[in-house]
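Trainee:
There are 2 protein chains.
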Amino acid sequence: MSVTAAGGFVAAGTACGIKPAGRPDLALVAVDGGRPVPAAAVFTTNRAAAAPVQVSRRHLAATGGRAAAVIVNSGNANAATGPAGLAVAAGTCDRVAAGLGCRPEEVLVCSTGLIGIPLDPAPLAAGVPALVAALSAGGAARAATAILTTDTVAKEVVVRAGAFTVGGMAKGAAMLAPDMATMLAVLTTDAAAEPEALGDALRRAVAGSFNQLTVDGSTSTNDTVVVLASGVAGSPAGPDELAGALADACASLALQMAADAEGATKLVRVEVTGAASHAEAARAARAVAESQLVKCSLFGGDPYWGRVVSELGSAGVAFELDRVSVAYGGTVVCRQGAPAAHDAEAVAAHLARRQVAVTADLGLGPGRAAVTTADLTPGYIDENMRTS
Amino acid sequence: MSVTAAGGFVAAGTACGIKPAGRPDLALVAVDGGRPVPAAAVFTTNRAAAAPVQVSRRHLAATGGRAAAVIVNSGNANAATGPAGLAVAAGTCDRVAAGLGCRPEEVLVCSTGLIGIPLDPAPLAAGVPALVAALSAGGAARAATAILTTDTVAKEVVVRAGAFTVGGMAKGAAMLAPDMATMLAVLTTDAAAEPEALGDALRRAVAGSFNQLTVDGSTSTNDTVVVLASGVAGSPAGPDELAGALADACASLALQMAADAEGATKLVRVEVTGAASHAEAARAARAVAESQLVKCSLFGGDPYWGRVVSELGSAGVAFELDRVSVAYGGTVVCRQGAPAAHDAEAVAAHLARRQVAVTADLGLGPGRAAVTTADLTPGYIDENMRTS
Numbered sequence: 236m237s238v239t240a241a242g243g244f245v246a247a248g249t250a251c252g253i254k255p256a257g258r259p260d261l262a263l264v265a266v267d268g269g270r271p272v273p274a275a276a277v278f279t280t281n282r283a284a285a286a287p288v289q290v291s292r293r294h295l296a297a298t299g300g301r302a303a304a305v306i307v308n309s310g311n312a313n314a315a316t317g318p319a320g321l322a323v324a325a326g327t328c329d330r331v332a333a334g335l336g337c338r339p340e341e342v343l344v345c346s347t348g349l350i351g352i353p354l355d356p357a358p359l360a361a362g363v364p365a366l367v368a369a370l371s372a373g374g375a376a377r378a379a380t381a382i383l384t385t386d387t388v389a390k391e392v393v394v395r396a397g398a399f400t401v402g403g404m405a406k407g408a409a410m411l412a413p414d415m416a417t418m419l420a421v422l423t424t425d426a427a428a429e430p431e432a433l434g435d436a437l438r439r440a441v442a443g444s445f446n447q448l449t450v451d452g453s454t455s456t457n458d459t460v461v462v463l464a465s466g467v468a469g470s471p472a473g474p475d476e477l478a479g480a481l482a483d484a485c486a487s488l489a490l491q492m493a494a495d496a497e498g499a500t501k502l503v504r505v506e507v508t509g510a511a512s513h514a515e516a517a518r519a520a521r522a523v524a525e526s527q528l529v530k531c532s533l534f535g536g537d538p539y540w541g542r543v544v545s546e547l548g549s550a551g552v553a554f555e556l557d558r559v560s561v562a563y564g565g566t567v568v569c570r571q572g573a574p575a576a577h578d579a580e581a582v583a584a585h586l587a588r589r590q591v592a593v594t595a596d597l598g599l600g601p602g603r604a605a606v607t608t609a610d611l612t613p614g615y616i617d618e619n620m621r622t623s
Numbered sequence: 236m237s238v239t240a241a242g243g244f245v246a247a248g249t250a251c252g253i254k255p256a257g258r259p260d261l262a263l264v265a266v267d268g269g270r271p272v273p274a275a276a277v278f279t280t281n282r283a284a285a286a287p288v289q290v291s292r293r294h295l296a297a298t299g300g301r302a303a304a305v306i307v308n309s310g311n312a313n314a315a316t317g318p319a320g321l322a323v324a325a326g327t328c329d330r331v332a333a334g335l336g337c338r339p340e341e342v343l344v345c346s347t348g349l350i351g352i353p354l355d356p357a358p359l360a361a362g363v364p365a366l367v368a369a370l371s372a373g374g375a376a377r378a379a380t381a382i383l384t385t386d387t388v389a390k391e392v393v394v395r396a397g398a399f400t401v402g403g404m405a406k407g408a409a410m411l412a413p414d415m416a417t418m419l420a421v422l423t424t425d426a427a428a429e430p431e432a433l434g435d436a437l438r439r440a441v442a443g444s445f446n447q448l449t450v451d452g453s454t455s456t457n458d459t460v461v462v463l464a465s466g467v468a469g470s471p472a473g474p475d476e477l478a479g480a481l482a483d484a485c486a487s488l489a490l491q492m493a494a495d496a497e498g499a500t501k502l503v504r505v506e507v508t509g510a511a512s513h514a515e516a517a518r519a520a521r522a523v524a525e526s527q528l529v530k531c532s533l534f535g536g537d538p539y540w541g542r543v544v545s546e547l548g549s550a551g552v553a554f555e556l557d558r559v560s561v562a563y564g565g566t567v568v569c570r571q572g573a574p575a576a577h578d579a580e581a582v583a584a585h586l587a588r589r590q591v592a593v594t595a596d597l598g599l600g601p602g603r604a605a606v607t608t609a610d611l612t613p614g615y616i617d618e619n620m621r622t623s
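Keeping their order, the protein sequence lines are chains A and G. In short: position in the first sequence from 1, add 235, done, that's our numbering. In short: position in the second sequence from 1, add 235, done, that's our numbering.
1. Let me check understanding here. Comparing Cα to Cα, which of A/V567, A/S549 and A/D557 lies closest to A/W540?
2. How is the beta strand (DSSP E) around G/G602 delimited, first residue to last?
3. Near A/F534, which residues of its chain fall below 8 angstroms by C-beta distance, leaving aside the five closest residues on each side in sequence?
4. Taking beta-carbon pairs under 7 angstroms, can you tell me which members of the stretch 605-620 of chain A lie near chain G?
5. Per DSSP, which residues does G/G402 bridge with? Please list them.
6. Anything in the stretch 247-267 of chain G with a Cβ closer than 8 angstroms to a Cβ of chain A? List those residues in chain order, please.
7. What's the C-alpha gap between G/S444 and G/A482?
8. For A/K406 versus A/A420, is the C-beta spacing smaller than 9 angstroms?
9. I need the boundaries of the beta strand (DSSP E) containing G/R504, first residue and last residue.
10. Between A/V238 and chain G, is the shortest Cβ-Cβ distance under 9 angstroms, so that the two count as touching?
11. Kindly indicate which residue of A/L349, A/V523 and A/C531 has the alpha-carbon position closest to the one of A/A605.
12. Roughly how many angstroms separate the alpha carbons of G/G348 and G/V323, rounded to a whole number?
13. Does any CB atom of chain G fall closer than 9 angstroms to the CB of A/L599?
14. G/D596 versus chain A: which residues are under 7 angstroms apart at the beta carbon?
15. Under a CB-based cut-off of 9 angstroms, is A/L502 close to chain B?
16. Kindly indicate if chain A contains any beta-carbon less than 9 angstroms away from that of G/G310.
17. So what does DSSP say about A/R589, is it helix, strand or coil?
18. Ignoring anything shorter than 3 residues or poking outside the stretch 237-321 of chain A, list the beta strand (DSSP E) runs there in chain order.
19. What is the rounded straight-line gap between the Cα of G/A365 and the Cα of G/T424?
20. If contact is defined by three or more beta carbon pairs under 8 angstroms, each pair taking one atom from either stretch, is the stretch 397-406 of chain G in contact with the stretch 476-495 of chain G?
21. How long is the line joining the alpha carbons of A/G310 and G/D386, rounded to whole angstroms?
22. Could you pull the start and end residues of the alpha helix (DSSP H) that A/V441 belongs to?
23. Would the beta-carbon of G/R292 fall within 9 angstroms of that of G/A284?
24. Sorted by chain position, which residues of the same chain lie with C-beta nearer than 6 angstroms to G/P574's C-beta, five sequence neighbours on each side aside?
25. Looking at G/A262 and G/N308, is the spacing between their C-beta atoms short of 9 angstroms?
26. Decide if the stretch 547-559 of chain G is in contact with the stretch 587-600 of chain G; the criterion is three or more beta carbon pairs, one per stretch, under 8 angstroms apart.
27. For G/P273, count the other beta carbons within 10 Å of its own beta carbon; 16 or more makes it buried, fewer makes it exposed. Which is it?
28. What do you reckon, are the CB atoms on G/A375 and G/M404 nearer than 9 angstroms?
29. Which residues of chain G have a Cβ atom closer than 9 angstroms to the Cβ of A/D537, listed in chain order?
30. Determine the direct distance from the alpha carbon of A/A562 to that of A/L343, and round the result to whole angstroms.
31. Starting from the beta carbon of A/P574, find every residue of chain G whose beta carbon is closer than 9 angstroms, and list them in chain order.
32. How about A/A314 and G/V544: are their beta carbons less than 9 angstroms apart?
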């Protein structure tokens with residue numbers, strides 16, 4: 236069910252011909268009946284934002300935070316495609332609006348795939364009417380499949396929170412970094428919420444999930460997280476109840492993305508404590524998590540903590556070598572900036588696991604933060620060395 | 236000759252037992268006769284600076300910029316080794332000073348290799364006297380070999396500039412990034428120069444060479460570039476003559492390092508023009524050069540310029556998508572932020588070369604900068620996934 240688990244939503248997915256070989260590449264999530272409801276979104280910070288990001292931003296601003304549908308294509312990012320790309324993104328919204336009987340500004344649009352390739356409007360023109368006709372509460376799984384690119388599995392989530400539900404689907408397997416990733420996520424809820432409160436809750440949820448994920452340090456041109464609130468389940472008990480459910484949903488989707496990172500053999504949690512501030516802890520954790528050398532060591536299951544210390548020392552945060560400690564899976568291997576006697580077999584056993592924890596304590600202050608990443612493997616290179 | 240090409244210097248290299256299997260691991264460069272001469276150095280900006288960096292900084296400060304020798308070991312970085320590591324670094328200087336008949340503060344020390352492994356002083360105690368006894372003008376090649384770690388070739392340079400000479404040796408193959416790299420370089424000149432002028436010239440030379448090199452974005456704990464000026468060839472014609480020769484020497488060594496980057500199949504020059512400032516151009520060029528995704532494309536010879544545009548857009552510099560152009564080897568593939576008709580065969584032929592040029596024009600201002608990098612390959616992962 237995922238994106239249609241919350242009351243008031245329908246979805247559909249199809250193959251319209253953007254991808255070769257008839258693979259699914261077009262998804263639609265809509266409010267049942269095509270009426271606009273409160274909506275909010277978080278978009279990429281990349282200044283090379285793709286055409287669909289520009290159009291969706293404009294539409295949300297024009298409606299004051301209301302939307303009736305989200306149309307998503309995969310196989311082409313419609314990024315760096317000039318005025319023609321903007322016309323295709325806007326035209327796609329027009330077609331969806333015509334099908335649903337809403338205004339074009341009430342449709343949001345997302346694309347994911349290759350950058351810099353003109354997006355042919357013809358498959359979309361043919362695909363959208365069929366997709367609108369196929370909308371149903373049972374279409375969530377097909378929608379979740381149609382937004383994937385290099386992902387190996389669909390990412391779906393349902394969170395039941397008392398009287399209301401949050402459902403969602405996402406894609407993302409590389410070019411994953413704060414803020415956010417080559418990732419799209421469409422969330423729905425039947426809770427009632429005003430656009431502003433919905434936006435606040437979404438931003439908090441994204442900050443605690445997708446923005447704590449980094450696979451390769453690259454921030455994509457197309458990242459978008461959207462939430463629509465149908466309101467059919469009424470108001471949540473308190474203002475934090477919806478925020479909590481959204482956070483849970485985003486956290487689940489983020490973890491599903493990290494676990495499906497291109498070529499990854501390990502899911503790695505890097506936690507930094509004892510930093511001068513939370514912001515410095517986050518910066519230090521990212522420096523470790525994005526280090527090619529650390530990620531190679533993690534792939535090899537090699538307990539080479541020297542690279543962790545080196546990245547901490549060059550992360551641009553307050554740092555005193557003789558206060559630093561590093562642990563793998565809780566076993567301290569470096570204390571006061573120097574080698575610590577430890578159980579090497581315990582460390583080796585931990586590093587051989589699929590889920591690995593690297594913890595560094597800077598010994599300076601109360602700042603703490605964690606990020607999730609993956610190892611760097613030949614599979615990642617193989618996946619990314621050729622796009623065609 | 237390299238490091239002994241300039242008049243007044245002797246060198247030696249040996250295997251003292253830090254590395255296994257009798258591989259060369261200890262080098263000494265000294266002023267003939269052991270007298271102190273003007274010296275300058277540039278050290279890593281990493282706050283986890285290794286013990287030898289801490290000791291060499293202290294020695295240079297104590298002498299006001301004079302040194303008689305530089306002792307370098309490979310196979311162990313003596314970094315994150317606590318007070319014991321500091322004692323080993325200082326003790327090594329003591330032994331060299333005893334052998335040469337100079338003061339310990341007149342000896343600089345460098346180490347390169349693994350971080351966080353205690354450095355056993357015993358091999359150094361035995362090796363230093365033998366090394367001092369072996370010092371000769373013919374020892375440069377053995378010294379250049381003894382400082383290598385994962386390098387596949389020795390890096391040496393000789394620059395003749397009128398009446399004086401600059402010679403040098405360096406090592407570095409990964410963990411290469413501004414500022415500077417896992418790199419050591421020892422330079423010598425027979426030009427006469429005061430420590431302050433020598434330091435200025437060295438900093439300019441480093442800024443234009445080693446600091447424009449990035450292999451993996453990691454800044455090591457041990458980076459050191461040292462220059463000693465024996466003065467036996469007298470004063471240069473003008474203040475810029477020595478700076479120019481030092482810059483040439485550093486540029487050559489930096490290029491030799493990039494060409495020997497771990498696992499690399501391509502030497503890549505990324506140039507950004509049209510930025511709002513030179514600093515923003517440098518930041519943007521580094522973002523492209525350090526992108527795992529761009530480096531994977533370069534390994535595959537794939538003309539996927541969308542990744543270049545995406546990195547430029549997220550580099551944190553002034554950026555307007557519709558002003559950006561990108562070229563490979565001079566062939567423009569993206570113009571005004573959108574695909575440009577181009578000779579695809581010319582691009583493919585250029586990307587198949589060992590030396591590749593990526594140029595991006597931001598179309599905003601006069602800022603320009605270039606960095607040199609390498610592609611990301613399975614060989615890099617293979618080299619770095621296990622340290623033992």
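Don't be surprised by glycine CBs; every beta carbon is placed ideally from N, CA and C. What you are looking at is a predicted structure, and each value in this text was computed from that prediction instead of being measured.
Mentor: In short, the structure shows the following:
1. Residue A/V567 is the option with its Cα nearest to A/W540.
2. Looking at the DSSP string, the run of the beta strand (DSSP E) that includes G/G602 is G602 to A609.
3. Once the five neighbours on either side are set aside, the close Cβ partners of A/F534 are T500, K501, D610, L611 and T612.
4. Under the 7 angstroms Cβ criterion, the stretch 605-620 of chain A contributes L611, T612, P613, I616, N619 and M620.
5. Its beta-bridge partners are G/V393 and G/T423.
6. Residues are counted here when their Cβ sits less than 8 angstroms from a Cβ of chain A; for the stretch 247-267 of chain G the count is zero.
7. Here the C-alpha atom of G/S444 lies approximately 7 angstroms from the C-alpha atom of G/A482.
8. In this structure, A/A420 lies closer than 9 angstroms to A/K406 by Cβ.
9. According to the DSSP assignment, G/R504 belongs to the beta strand (DSSP E) that extends over L502 to A510.
10. Taking Cβ atoms only, chain G never reaches closer than 9 angstroms to A/V238, which makes this a no.
11. Ranked by Cα distance from A/A605, the options A/L349, A/V523 and A/C531 are led by A/V523.
12. Rounded to the nearest whole angstrom, the C-alpha separation of G/G348 and G/V323 is 15 angstroms.
13. Nearest CB-CB separation between A/L599 and chain G: not below the 9 angstroms threshold.
14. Per Cβ cutoff of 7 angstroms: no residues; G/D596 is ~14 angstroms from chain A at best.
15. Of the chains in the structure shown, none is chain B; the protein chains are A and G.
16. No, its Cβ sits nowhere closer than 9 angstroms to a Cβ of chain A.
17. In this structure, A/R589 counts as coil in the three-state DSSP scheme.
18. Counting only runs of 3 or more, we get 244-249, 261-266, 272-278 and 304-309.
19. Going from the Cα of G/A365 to the Cα of G/T424 covers about 25 angstroms.
20. Output reads yes: the stretch 397-406 of chain G touches the stretch 476-495 of chain G.
21. Taking C-alpha positions only, A/G310 is separated from G/D386 by approximately 41 angstroms.
22. A/V441: member of the alpha helix (DSSP H) spanning P430 to A442, first to last residue.
23. For G/R292 and G/A284, yes; Cβs fall inside 9 angstroms.
24. The answer is none, since no qualifying residue turns up.
25. Yes, the pair counts as a contact, with Cβ atoms nearer than the cut-off.
26. Because the criterion of three Cβ pairs below 8 angstroms is met, the stretch 547-559 of chain G and the stretch 587-600 of chain G touch.
27. Within 10 angstroms of the beta-carbon of G/P273 lie 16 or more other beta-carbons, which makes it buried.
28. The answer is yes: Cβ separation under 9 angstroms.
29. Those within 9 angstroms of A/D537 in chain G are N619, M620, R621, T622 and S623.
30. The alpha-carbon atoms of A/L343 and A/A562 are separated by roughly 45 angstroms.
31. Within chain G, the residues near A/P574 are A315, T316, G317, G351, I352 and P353.
32. Cβ distance < 9 angstroms, so A/A314 and G/V544 count as in contact.
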